[in-house]
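The structure appears right after this line, and notes come after that.
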Amino acid sequence: MKKVSLSVIIPTYNCIDLIDRHIDNAMSWADLADEIIVVDSRSNDGTFELIKQKLHHPNLRLIQRDRGLYESWNEGIAATTGDWVYISTAGDTIERAHLIKLMHMGETTQADVVISPFKPVNEMGNPYPESGFTNAVIYKQLYHLGSCVIEPPATFCFAFQNSKPNALLGSCASDLFRGEFLRARPFPTNYSTHGDTAWTLRYSSEMRICLVPISGSVFCIHPKHANDGIFNMGKVLDKIIRVELINAQKSINAESTGIRLNEDKIFKLRKTQSCRRKLRRRGKVNKNILGKWIIFTLKYFYLKIYLTICNITQKRRLNNYIFSVLYDLN
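Following this note's numbering from start to finish, the sequence shown increments by one per residue and tops out at 577.
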């Protein structure tokens, strides 16, 4: 049997406070990797020097390049040769046994991506208390199934219906990517720090996922993440969804599963609610404003009821579809 190969990418930029602990963790499973590729964005705080001093591997590659979060990821990914690719972001650690588990499940199911839940921690490695940083809702929705395989049409729906505030793939350091799949699909670089969310949405209609409901990794919440806020993140995701939904729908055959999204009506609902709020904020109310407010209110509740009914039907269809393609993995 062919030995399965693993490539590890460690992207870094000025993370001296995190990289020491990160390397200690990486050395506990580094022997599983056939190659480790460090992509450093010209750190000036000693990060790169510490990596050269402490990180040891027979097939270690060190790359320095100009700044660019997902540009660095993409350069590292393009340099990989492994059957599987693990992105080890600074501060996000994984247990050796869990990495082995992800590789085993990926090979067993021939999935494109293996996902698992993370445990949020702060930069000191302590549990992060804020509820805004949680795992994707898919783990609650499918908890009763244990490990399972999700085919592209269902992945598409899970990705778009539940992309706010926590995207389907969660922390990439909790996941494992099939090398061929990832190398052919670079991360978008035009969505600031949300390129991994955009990547998930863009390729969800092509993505076969293996869900492993067991947590064996941590996601480090940096101060800049905590200050982003769910509201601002929602605005960015609205923009991402508008662009990526069109691309993703081109390669999905919703007719085969009865699964459809109602993003057009969801956007109309948000716009209607916004109009209602603007009218309410006006100081003096006259018949014209009141009439418009009543019209928008009736439209709002119509869309709300319509989407609620669609959501119930959608969930039933989605569950039926998932059960029809499930592997018995437990």
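Beta carbons are placed, not taken as given, at the ideal position from N, Cα and C, and that holds for glycine. Being a predicted model, the structure only gives us computed values, none of them experimental.
Thinking C-beta only, is residue j closer than 9 Å to residue i?
i: L349; j: V459; result: yes
i: G426; j: T327; result: yes
i: A344; j: G417; result: no
i: A431; j: Y438; result: no
i: R289; j: Y317; result: no
i: S254; j: V332; result: yes
i: T402; j: S363; result: no
i: F434; j: I488; result: no
i: C457; j: S521; result: no
i: F424; j: D339; result: no
Rounded to whole angstroms, what is the Cα-Cα separation between residue i and residue j?
i: L415; j: G329; result: 24 Å
i: I468; j: R268; result: 15 Å
i: V286; j: K250; result: 26 Å
i: S335; j: I536; result: 55 Å
i: V465; j: T544; result: 44 Å
i: C262; j: K546; result: 50 Å
i: S421; j: K551; result: 35 Å
i: Y386; j: V361; result: 13 Å
i: E491; j: V396; result: 23 Å
i: L265; j: A337; result: 6 Å
i: S374; j: T519; result: Note on residue identity: the sequence assigns Pro, not Ser, to residue 374. Their Cα atoms are separated by approximately 39 Å.
i: I347; j: R314; result: 32 Å
i: E296; j: T447; result: 33 Å
i: I341; j: C419; result: 11 Å
i: L279; j: T356; result: 20 Å
i: V440; j: A273; result: This sequence places Thr at residue 440; Val is not what is there. Cα to Cα, T440 sits roughly 24 Å from A273.
i: G372; j: R524; result: 42 Å
i: P400; j: R449; result: 13 Å
i: H351; j: L389; result: 20 Å
i: T294; j: N369; result: 19 Å
i: R312; j: G353; result: 31 Å
i: W320; j: H391; result: 34 Å
i: A383; j: F405; result: 9 Å
i: N533; j: P376; result: 47 Å
i: T436; j: I542; result: 41 Å
Identify every residue that forms a DSSP beta bridge with residue i.
i: C467; result: V368
i: R425; result: W331
i: T259; result: D287
i: V360; result: F424 and I456
i: L253; result: W331
i: I341; result: S464
i: E282; result: S254
i: P374; result: V368
Excluding the 5 residues preceding and the 5 following residue i in the sequence, name in chain order all residues of the same chain whose CB lies nearer than 6 Å to its CB.
i: L302; result: I270
i: I284; result: I256, R308, G323 and A326
i: K366; result: S462 and V465
i: D292; result: N261 and I263
i: F428; result: D359
i: H304; result: A277 and I283
i: K486; result: none
i: Q300; result: none
Grab me the residues of residue i's own chain with a C-beta within less than 7 Å of its C-beta, minus the 5 sequence neighbours each way, in chain order.
i: K539; result: L526
i: G476; result: For G476, the predicted structure reports a pLDDT of 45, less than 50, and the residue's modelled location is therefore unreliable. The matter cannot be settled from this model.
Shorter than 8 Å, the distance from the beta carbon of residue i to the closest heavy atom of the ligand HEM, or not?
i: T447; result: Judged by which ligands are present, the structure shown has none, so any question about the ligand HEM falls away.
With a CB to CB cut of under 8 Å and the five nearest residues on each side skipped, what residues in its chain are close to residue i?
i: L516; result: Y547, L550, K551 and L554
i: I298; result: I257, T259, I266, I270, V285, D287 and L309
i: D281; result: S252, L253, S254, N306, T328 and G329
i: I559; result: none
i: R529; result: I536
i: R563; result: none
For a cutoff of 9 Å on Cβ pairs, would you count residue i as touching chain C?
i: W276; result: Among the chains in the structure shown there is no chain C, since it carries only a single protein chain.
>> Suppose only complete runs of 4+ residues qualify. What are the alpha helix (DSSP H) ranges in the region 296-332, listed by chain order?
In response: 316-325
>> So within the region 384-419, which uninterrupted alpha helix (DSSP H) runs reach at least 4 residues, ignoring any that extend past its ends?
In response: 385-388 and 399-408
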